[in-house]
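Sequence order for the protein chains is Y and F.
Taking numbering that gives the first Met the number 0, the leading residue of the first sequence gets 0, the next gets one more, and so forth.
Taking numbering that gives the first Met the number 0, the leading residue of the second sequence gets 0, the next gets one more, and so forth.
What follows is a single structure, written as structure tokens, with notes after it.
2 protein chains.
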Amino acid sequence: MGPQSTEVETPRLAAAKIGSDVGLLLAKLHATGSLLNNKALADYGLRERSFSVLTLACSGLEPTQRELADFLSLDPSQVVSLVDDLEHRGLVKRAQGKQDRRAKIIVSTTEGRRIHNKARAALEVCEETQLAALSEEENVQLRALLKKALWG
Amino acid sequence: MGPQSTEVETPRLAAAKIGSDVGLLLAKLHATGSLLNNKALADYGLRERSFSVLTLACSGLEPTQRELADFLSLDPSQVVSLVDDLEHRGLVKRAQGKQDRRAKIIVSTTEGRRIHNKARAALEVCEETQLAALSEEENVQLRALLKKALWG
DNA sequence: AAACAATCGTTGACTTTTTCAATGATCCGT
DNA sequence: ACGGATCATTGAAAAAGTCAACGATTGTTT
Chain Y
0 MGPQSTEVET PRLAAAKIGS DVGLLLAKLH ATGSLLNNKA LADYGLRERS FSVLTLACSG
60 LEPTQRELAD FLSLDPSQVV SLVDDLEHRG LVKRAQGKQD RRAKIIVSTT EGRRIHNKAR
120 AALEVCEETQ LAALSEEENV QLRALLKKAL WG
Chain F
0 MGPQSTEVET PRLAAAKIGS DVGLLLAKLH ATGSLLNNKA LADYGLRERS FSVLTLACSG
60 LEPTQRELAD FLSLDPSQVV SLVDDLEHRG LVKRAQGKQD RRAKIIVSTT EGRRIHNKAR
120 AALEVCEETQ LAALSEEENV QLRALLKKAL WG
């Protein structure tokens with residue numbers, strides 16, 4: 000085997016004009032990243048999605064399910080499933096909305112924060128792996144550009 | 000209403016630490032982009048995936064289905080479906096592999112190239128819309144970073 | 001204050017997408 | 001020529017996504 004297992008070679012097809020298509024590049028990087036992330040999160044019984052929900056529950060921002068759906072680009076019914084799962088496992092709790100009693104606020108439990116810390120550490124290793132070809136400066140640049148593209 | 004309909008506001012939750020998570024940023028930008036792209040491509044009976052296959056078929060690189068699967072991060076059986084569809088509509092043809100008779104090379108038809116040109120133009124408008132918040136230089140930078148992250 | 005439309009979370013049905021194992025044909029190394 | 005690997009393909013099973021409807025609650029209009 001080669002010197003490092005994460006070796007990548009530029010595929011022949013990258014030469015095509017579509018190799019610069021932003022949509023495709025995003026899809027590909029997202030796909031390979033998800034694979035790595037989900038593999039790493041499996042140790043904690045999480046996936047990318049449930050980890051995102053858990054993270055936001057741990058953030059202190061007290062998100063409603065609707066906000067989670069909007070922010071994570073999910074259907075509200077998908078959020079129900081994700082929160083159900085996390086709640087059954089005692090990582091998260093549903094609390095009544097403060098101004099709006101229809102809304103439910105998702106907050107983390109102590110155990111939820113414990114798991115989240117471990118999972119986050121594992122994920123950071125993943126990101127480093129995925130963006131290994133980028134310098135630290137480029138890494139920061141990429142995040143900034145993605146954020147700007149999303150929210151100006 | 001605002002001056003432009005594509006107005007975006009930074010959501011409250013973006014303040015969370017996860018708002019800088021590369022995985023999430025990629026997922027979100029990819030999600031919103033796919034929505035726009037698929038809507039634009041619908042006029043030509045295409046979706047993001049079939050457009051990618053068609054593009055590579057038009058590239059002159061004579062990709063095999065296996066190469067398409069690898070490059071597009073798809074299961075080989077998904078490529079079969081995509082090519083079936085494009086072939087039934089006369090946009091693409093399966094040709095026998097040159098060195099390898101197991102492999103099938105996907106090449107575009109005249110009609111395929113005609114549709115592709117139209118679709119590509121529509122997609123370029125989409126990309127401009129999606130990356131409207133970025134300057135031309137940042138746009139180029141983003142592409143470069145994504146490519147580098149993928150293939151070094 | 002009564003009536004109305006709109007929103008939140010939830011459920012369930014439905015479709016699409018993804019994943020995976022098995023198959024015949026072909027290639028490659030021995 | 002044999003054996004193991006790879007290609008495209010099929011079909012089945014699992015997962016994910018979409019969508020309409022509902023009760024509860026909110027904000028708005030009259």
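All residues carry an ideal CB built from backbone N, CA and C; glycine is no exception.
In this text, all values refer to a predicted model and were calculated from it rather than measured experimentally.
Among the options, nearest to residue i - alpha-carbon criterion
i: Leu55(F); options: Gly18(Y), Arg93(Y) and Ile105(Y); result: Gly18(Y)
i: Leu90(F); options: Phe50(F), Ala26(F) and Pro75(F); result: Phe50(F)
i: Arg112(Y); options: Tyr43(Y), Val79(Y), Leu149(Y) and Leu81(Y); result: Tyr43(Y)
i: Arg101(F); options: Ser107(F), Leu73(F), Glu86(F) and Gln64(F); result: Gln64(F)
i: Leu81(F); options: Asp99(F), Glu47(F), Lys97(F) and Ile114(F); result: Glu47(F)
i: Arg142(Y); options: Val7(F), Leu24(F), Glu61(F) and Glu8(F); result: Leu24(F)
i: Lys97(F); options: Pro62(F), Asp20(F), Asn138(F) and Ala120(F); result: Pro62(F)
Supposed close pair residue i, residue j - CB separation, criterion 8 angstroms
i: Lys147(Y); j: Leu133(F); result: 6 angstroms
i: Gln140(F); j: Gln140(Y); result: 7 angstroms
i: Gly22(F); j: Ser33(Y); result: 7 angstroms
i: Ala26(F); j: His29(Y); result: 6 angstroms
i: Ile193(F); j: Val52(F); result: Since the first residue of chain F shown is 0 and the last is 151, residue 193(F) is not available in this structure.
i: Trp150(F); j: Thr31(Y); result: Between Thr31(Y) and Trp150(F) the Cβ distance is about 11 angstroms, and since that is not below 8 angstroms, they are no contact.
i: Glu86(F); j: Leu12(Y); result: Not quite, the Cβ-Cβ distance comes to about 19 angstroms (not below 8 angstroms), so this is no contact.
Extent of the continuous beta strand (DSSP E) run through residue i
i: Ser107(F); result: Lys103 to Ser107
Cut-off 7 angstroms between Cβ atoms - residues of its own chain near residue i, not counting five sequence neighbours on either side
i: Thr5(F); result: The predicted position of Thr5(F) is uncertain, since its pLDDT is 46 and thus under 50; a value taken from the coordinates is nonetheless stated next. Only Thr128 and Ala131 meet the Cβ criterion.
i: Cys154(Y); result: A question about residue 154(Y) goes unanswered here, because the residues of chain Y that appear run from 0 up to 151.
i: Ala118(F); result: Leu40, Tyr43, Leu45 and Phe50
i: Lys92(F); result: Glu86, Val106 and Thr108
i: Val7(F); result: none
i: Asp20(Y); result: none
Residue i - containing alpha helix (DSSP H), residue span
i: Val21(Y); result: Val21 to Leu40
i: Gln95(F); result: It is not in any alpha helix (DSSP H) - Gln95(F) instead sits in the beta strand (DSSP E) that spans Val91 to Gln95.
i: Cys57(Y); result: Run containing Cys57(Y): none; DSSP gives neither H nor E here.
i: Pro10(Y); result: Here Pro10(Y) belongs to no alpha helix (DSSP H), and DSSP marks it neither H nor E.
i: Ser76(Y); result: Pro75 to His87
i: Leu145(F); result: Glu135 to Trp150
i: Asp69(Y); result: Gln64 to Phe70
Cut-off 8 angstroms between Cβ atoms - residues of its own chain near residue i, not counting five sequence neighbours on either side
i: Arg88(Y); result: Gly44
i: Val79(F); result: Gln64
i: Glu136(Y); result: none
i: Cys57(Y); result: Ser107, Gly111, Arg112 and His115
i: Asp84(F); result: Ser49
i: Ala121(F); result: Ala39, Leu40, Asp42 and Tyr43
i: Asp99(F); result: Thr63
i: Gly1(Y); result: At Gly1(Y) the pLDDT is 35, less than 50, meaning the model places this residue with poor confidence; the figure from the coordinates comes in the next sentence. Cβ neighbours of Gly1(Y) beyond the five flanking positions: none.
Nonlocal neighbours in the same chain, by C-beta distance under 6 angstroms from residue i, ignoring five residues either side
i: Leu60(F); result: none
i: Leu71(Y); result: Ser51
i: Ala68(F); result: Pro75 and Val78
i: Asn138(F); result: Leu130
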